Amino acid sequence: LRSFHYRGDYLRFVALPHTCFGDLYISFPRPGVGWRLYNWIDALPNLSNLTVLTVCSNALRIVSILHSRESLQPKLANLSNLQNLRELQLLMYAMGTVMLSDIYGFLRICRCSQLRKLFVELPKFRMDSFMDAVSDLAEEPMEGFENLVTAKITNFKWQCNEIELVHFLFRKDSSLQKLILVAPPGTHPEMDQSGNPFFRDTKLLRMEKAPSNAQIQTP
Numbered sequence: 223l224r225s226f227h228y229r230g231d232y233l234r235f236v237a238l239p240h241t242c243f244g245d246l247y248i249s250f251p252r253p254g255v256g257w258r259l260y261n262w263i264d265a266l267p268n269l270s271n272l273t274v275l276t277v278c279s280n281a282l283r284i285v286s287i288l289h290s291r292e293s294l295q296p297k298l299a300n301l302s303n304l305q306n307l308r309e310l311q312l313l314m315y316a317m318g319t320v321m322l323s324d325i326y327g328f329l330r331i332c333r334c335s336q337l338r339k340l341f342v343e344l345p346k347f348r349m350d351s352f353m354d355a356v357s358d359l360a361e362e363p364m365e366g367f368e369n370l371v372t373a374k375i376t377n378f379k380w381q382c383n384e385i386e387l388v389h390f391l392f393r394k395d396s397s398l399q400k401l402i403l404v405a406p407p408g409t410h411p412e413m414d415q416s417g418n419p420f421f422r423d424t425k426l427l428r429m430e431k432a433p434s435n436a437q438i439q440t441p
């Protein structure tokens, strides 16, 4: 078995074959609690040959919770060996500061040094607040983006945390050749749906740190 895709509720019992996946897709639309936090991680086989990974924000939250508990950190061992990962897809069901911190934490743990493509699918509707966006953001990963050439962010609505994610990519990746920002229909980069400015300080919207070889495309 070279590919495994699952989307649905948390499974109480998970048994995966002990083979080296090349493609793994994990999506839990609803958050879980208790034993649901880590049984699927326990079932993961050797991921050293994984080249394509798709994972949702609820799974990222689980990884962050496990990493915050020293006694549970060994359960993340398989996720720390993704040296062959070439493509990462993140399905974000929300995009507050906690979720952005979860992305940073996941990238620190997984150390995807060969990553070439990053795709982030954001929720279609605006959910964060300005205060949420500027408080308690986790430390950025320090390395692992030397080979990233393409990044695409879908449903980009110019929220604080979304802009911060773009700035992070520009700060960390000198090899980035193309950044694609796909906005939902009717999205104005400086106004919400009521015509009010997202931020009084328009400097928050500037992409001043974009490398010269990056291509930003918005519909």
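Residue numbers (this note's numbering): 223 to 441.
C-beta: ideal position from N, C-alpha, C; glycine also.
The model shown is predicted, which means the values in this text are computed figures rather than measured ones.
| Item | Value |
| --- | --- |
| What residues in its chain sit with their C-beta under 8 angstroms from that of Ala313, if we drop five residues either side in the sequence? | Looking at the sequence provided, one finds Leu at residue 313 rather than Ala. Excluding residues within five positions, the ones whose Cβ falls inside 8 angstroms are Ser249, Thr276, Val277, Cys278, Ser279 and Glu343. |
| Give every residue of the same chain whose Cβ lies closer than 7 angstroms to the Cβ of Ala281, excluding the five residues on either side of it in the sequence, and list them in chain order. | Ile248 and Phe250 |
| Who are the near neighbours of Ile375 in its chain, counting only those whose CB is closer than 6 angstroms to its CB and skipping five residues on each side? | Val342 and Leu403 |
| Determine whether the beta carbon atoms of Val285 and Arg308 lie at a separation below 8 angstroms. | no |
| Would you tell me roughly how many angstroms separate the C-alpha atoms of Arg283 and Gly244, rounded to the nearest one? | 23 angstroms |
| Going straight from the alpha carbon of Ser270 to that of Asn261, what length do you get? | 20 angstroms |
| Just the C-alpha distance for Arg291 and Lys394, rounded to the nearest angstrom, thanks. | 28 angstroms |
| Just mark Asn268 as buried or exposed, buried being the case when its beta carbon has 16 or more other beta carbons within 10 Å. | exposed |
| Leaving aside the five residues before and after Val371 along the sequence, list all residues of the same chain whose C-beta is less than 8 angstroms from its C-beta, in chain order. | Arg338, Lys339, Ser397, Leu398, Gln399 and Lys400 |
| Quick one: residues in its chain with C-beta nearer than 6 angstroms to the C-beta of Leu294, no 5 flanking neighbours on either side, listed in chain order? | Leu288 |
| On the premise that Leu298 lies in contact with Ile263, defined as a C-beta separation below 8 angstroms, what is that separation, rounded to the nearest angstrom? | 7 angstroms |
| From the DSSP output, read off the bridge partner residues of Leu310. | Leu275 and Leu340 |
| Need the endpoints of the beta strand (DSSP E) that Thr372 sits in, please. | Thr372 to Thr376 |
| Are Leu305 and Ser335 close, meaning C-beta to C-beta below 8 angstroms? | Position check: residue 305 holds Gln in this sequence, whereas Leu was assumed. Their beta carbons are under 8 angstroms apart, which means Gln305 touches Ser335 by this criterion. |
| Taking Arg211 as the reference, which of Ile385, Leu391, Ser225 and Tyr315 has the closest Cα? | The requested residue 211 does not occur in the structure, where the chain is confined to residues 223 to 441. |
| From the DSSP output, which residues share a beta bridge with His227? | Tyr247 |
| Measuring only the C-alpha atoms, how far is Arg224 from Ala265? | 15 angstroms |
| Let me confirm a value: Tyr228 is counted as buried when at least 16 other C-beta atoms fall within 10 Å, else exposed. Which label applies? | exposed |
| Using a Cβ-based criterion (distance less than 7 angstroms to any ligand heavy atom), does Asp245 qualify as near the ligand SAM? | Looking at this structure, you won't find the ligand SAM or any other ligand, since it has none at all. |
| Return the CA-CA distance between Asn383 and Thr319, expressed in angstroms with no decimal places. | 6 angstroms |
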